[in-house]
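Q: Mind looking over this structure? Questions follow.
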Amino acid sequence: MDCTSTLYHHYFKAEDRFLNRRITPGYEPDIIIDFVQSGLNLASLYCLNTPTFNPILRELFLRRVFFHLVEAINQPNNSRIFRRICLDHIHCPLLALKKFYGNSDTGRQQLLSLQQHLQQTHLTSGL
1200 MDCTSTLYHH YFKAEDRFLN RRITPGYEPD IIIDFVQSGL NLASLYCLNT PTFNPILREL
1260 FLRRVFFHLV EAINQPNNSR IFRRICLDHI HCPLLALKKF YGNSDTGRQQ LLSLQQHLQQ
1320 THLTSGL
């Protein structure tokens, strides 16, 4: 397998484990960290100075990780530990999105929208 196939395979495997609602207690950090890291690795494949540069795919995977984490935080079916670890690691895709959006007005507006969404999630989650 080439590098791209490996990154995609690892990401979707980690995403499946993350979205699986039957998580064995004690493995929550491993599952969440693996999912976040695999998403960041896949998004980095599409960075500016790479042969596979594609800003749309880069933003897609970063936002996908971010919103999966937000959704997991909002799910009362998930254990409190799982939700808390998701909240603790949501800064990774958020910081990557901040770097991606840069200093443009549109980028700042999108980042502000994500931050407000996260703040609302945090307030309503009870964590």
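Using the numbering used here, the first residue of the sequence shown is number 1200, and each one after it goes up by one.
Here a beta-carbon is modelled for each residue, glycine too, at the ideal position from N, C-alpha and C.
Just how far apart, CA to CA, sit THR1320 and ARG1216?
A: As a first step, residue 1320 must be located in the sequence shown, where it is residue number 121. As a first step, residue 1216 must be located in the sequence shown, where it is residue number 17. Each residue's alpha carbon lies about 23 Å from the other.
Q: Specify the secondary structure class of TYR1226 as computed by DSSP and reduced to three states.
A: The residue labelled residue 1226 in the question sits at position 27 within the sequence shown. TYR1226 falls in the coil class under three-state DSSP.
Q: SER1303 by DSSP, collapsed to three states: which one?
A: As a first step, residue 1303 must be located in the sequence shown, where it is residue number 104. Coil.
Q: Among CYS1202, ASN1219, LEU1296, LEU1322, which one has its Cα closest to the Cα of PHE1234?
A: Position 35 of the sequence shown, counted from the first residue, corresponds to residue 1234. The residue with the shortest Cα to Cα distance from PHE1234 is ASN1219.
Q: Are the CB atoms of GLU1270 and PHE1299 nearer to each other than 8 Å?
A: Residue mapping note: residue 1270 aligns to position 71 of the sequence shown, counting from 1. Residue mapping note: residue 1299 aligns to position 100 of the sequence shown, counting from 1. No, they are not a contact pair.
Q: Look at the Cβ atom of PHE1265, then the Cβ atom of GLU1227, and state whether they are nearer than 8 Å.
A: Within the sequence shown, residue 1265 is the residue found at index 66, counting from 1. Within the sequence shown, residue 1227 is the residue found at index 28, counting from 1. For PHE1265 and GLU1227, no; Cβs fall outside 8 Å.
Q: So, helix, strand or coil for SER1237, using DSSP?
A: Here residue 1237 corresponds to residue number 38 of the sequence shown, with the count starting at 1. Reduced to three states, the DSSP call for SER1237 is helix.
Q: Here's the rule I'm using: 16 or more other beta-carbon atoms within 10 Å means buried, otherwise exposed. How should LEU1244 be labelled?
A: Taking the first residue of the sequence shown as 1, we reach residue 1244 at position 45. LEU1244 comes out buried.
Q: Spatial neighbours of ASN1277 within its chain, please: CB distance less than 6 Å, with the 5 preceding and 5 following residues excluded, ordered by chain position.
A: For the purposes of this step, residue 1277 is taken as the residue at position 78 of the sequence shown. These residues qualify, in order along the chain: ALA1271.
Q: Determine the extent of the alpha helix (DSSP H) in which PHE1266 is found, giving its start and end residues.
A: In the sequence shown, counting from the first residue as 1, residue 1266 sits at position 67. Its alpha helix (DSSP H) spans residues 1254 to 1273.
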